[in-house]
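Heads up: the structure comes next, in structure tokens.
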Amino acid sequence: MNAARLEDSNLNAIVLAGGDGSRLTALTRKISGHEIPKQFCPIFENGTLLEQTTRRVSMVVPPNQTLIVLTRPHERFYKSFSCNVADCNLVLQPHNRGTAPAILYALFRLARQRRRGTVAIFPSDHYVSDDRRFMLHVEAASSVIAKFPERVLLLGISADKPESQYGWIEPGQALDFGVTGIGTVFHIRRFWEKPPLDVALELWRQGFFWNSFVMVARIEALLDLFARALPQLYISFAQVYFGTTRETDTIAQLYDNIPSVSFSDDILTEFCTEFLVLPVRDVQWSDLGEPTRVLNIIAQLGLRPKWLAA
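The numbering of the sequence shown is this note's numbering, which starts it at 216 and goes up by one.
Structure representation (structure tokens):
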């Protein structure tokens, strides 16, 4: 997207960077010399995963329209990064309570800031081989949502192996939309969250997609979905004094009294028919959830990071 189109964009973004990244603790300790959530770790030596994600997002969404969700106990890891982000674009959680509260907090912040239009949501700790092509899919997804504003569209990754630690998307009928310029959009028949290996093998054979957890929707549509799927959580956030001096205190009280809630388990799985999927092709992707995935990508890229020889 050129600079003029970027400034006129009605697309907002939420970058989720509040997780603990515990599955990579041993590797991030080796890289950084101490335990650090993987999104704040310079695994590939061209910035941290969070920095790579925000650069990727900025190809389509202006930085002043991008909210970064962080968790206060991680401040020592994100302090230098956050110095370059306006306070109004930081969403600081008191604790990590899972993906659903993180997304809902950011959505309410967007709504209270009177932001309108569409939002794209991104994890901050994934690997993408071709940023520009990946973000073309995000732009295409935004075009689909403009025509189907009540839907939520996920980017599905063309699977190249039967991965049992990923979420899978079982596509249904093709959407009557026409050509996106990128590919066909499908309704979603079912989500399979981290299936056993024998099931993953069958899903792979049938050409189903990995769930990238990158999604695009109207802000109002996502808020409405939360209100129906997790009404008590929605009501709790609706009572927060956003944009006032009381926001920090009311958010702290809220987070002290809610459990961890997974967007995948409590919304994707239960409301799958309200979602669409756009397959992402010709882009390698990984959630970097295991050390072997990180090492495989480093080998494919021909990198020789200093920490690998240590």
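Glycine included, every Cβ here is placed at the ideal spot set by N, Cα and C.
Assuming residue i and residue j are in contact, meaning their beta carbons sit under 8 Å apart, how far apart are those beta carbons, in whole angstroms?
| i | j | result |
| --- | --- | --- |
| Leu491 | Val400 | 5 Å |
| Leu440 | Glu489 | 7 Å |
| Gly387 | Arg404 | 4 Å |
| Gly233 | Val284 | 5 Å |
| Val498 | Phe349 | 5 Å |
| Ile384 | Leu369 | 7 Å |
| Asp340 | Leu264 | 5 Å |
When DSSP labels each residue in this structure, what does residue i get in the three-state scheme?
| i | result |
| --- | --- |
| Asn227 | strand |
| Leu516 | helix |
| Ala219 | Here the model assigns Ala219 a pLDDT of 44, short of 50, so the residue's position is not dependable and the matter cannot be decided. |
| Ala355 | helix |
| Thr283 | At residue 283 the sequence reads Ile, which differs from the Thr that was named. Residue state, collapsed to three classes: strand. |
| Glu378 | coil |
| Val272 | helix |
| Pro316 | helix |
| Ala184 | The first residue shown for the chain is 216 and the last is 525, placing residue 184 beyond what the model contains. |
| Ser475 | coil |
| Glu505 | coil |
| Ile482 | helix |
| Ala301 | coil |
| Pro252 | coil |
| Gln328 | coil |
| Pro277 | coil |
| Phe349 | helix |
| Phe292 | helix |
| Trp522 | helix |
| Phe457 | coil |
| Asn511 | helix |
Start and end of the beta strand (DSSP E) containing residue i?
| i | result |
| --- | --- |
| Pro338 | 333 to 338 |
| Leu305 | 305 to 308 |
Among all the DSSP beta bridges, which residues are the ones paired with residue i?
| i | result |
| --- | --- |
| Gly371 | Asn426, Pro494 |
| His402 | Leu491 |
| Pro408 | According to the sequence displayed, residue 408 carries Glu and not Pro. Note: Glu408 sits in a beta bridge opposite Gly382. |
| Val343 | Trp500 |
| Ala389 | Phe401 |
| Ala432 | Val334, Val367 |
Are the CB atoms of residue i and residue j nearer to each other than 7 Å?
| i | j | result |
| --- | --- | --- |
| Ser479 | Gly382 | yes |
| Ala558 | Ile251 | No answer is possible for residue 558: it lies beyond the span of the chain, which begins at 216 and ends at 525. |
| Ala467 | Pro309 | yes |
| Val429 | Phe337 | yes |
| Pro520 | Glu260 | yes |
| Ile473 | Arg330 | no |
| Leu503 | Val495 | no |
| Leu516 | Ser357 | no |
| Ile372 | Trp425 | yes |
| Val414 | Val353 | no |
| Val306 | Arg324 | yes |
| Thr243 | Lys253 | yes |
Since residue i is in the alpha helix (DSSP H), which residue starts that stretch and which ends it?
| i | result |
| --- | --- |
| Val414 | 412 to 420 |
| Asp471 | 462 to 471 |
| Ile450 | 446 to 453 |
| Leu242 | 240 to 247 |
| Glu260 | Where Glu260 is concerned, there is no enclosing alpha helix (DSSP H), given that its DSSP letter is neither H nor E. |
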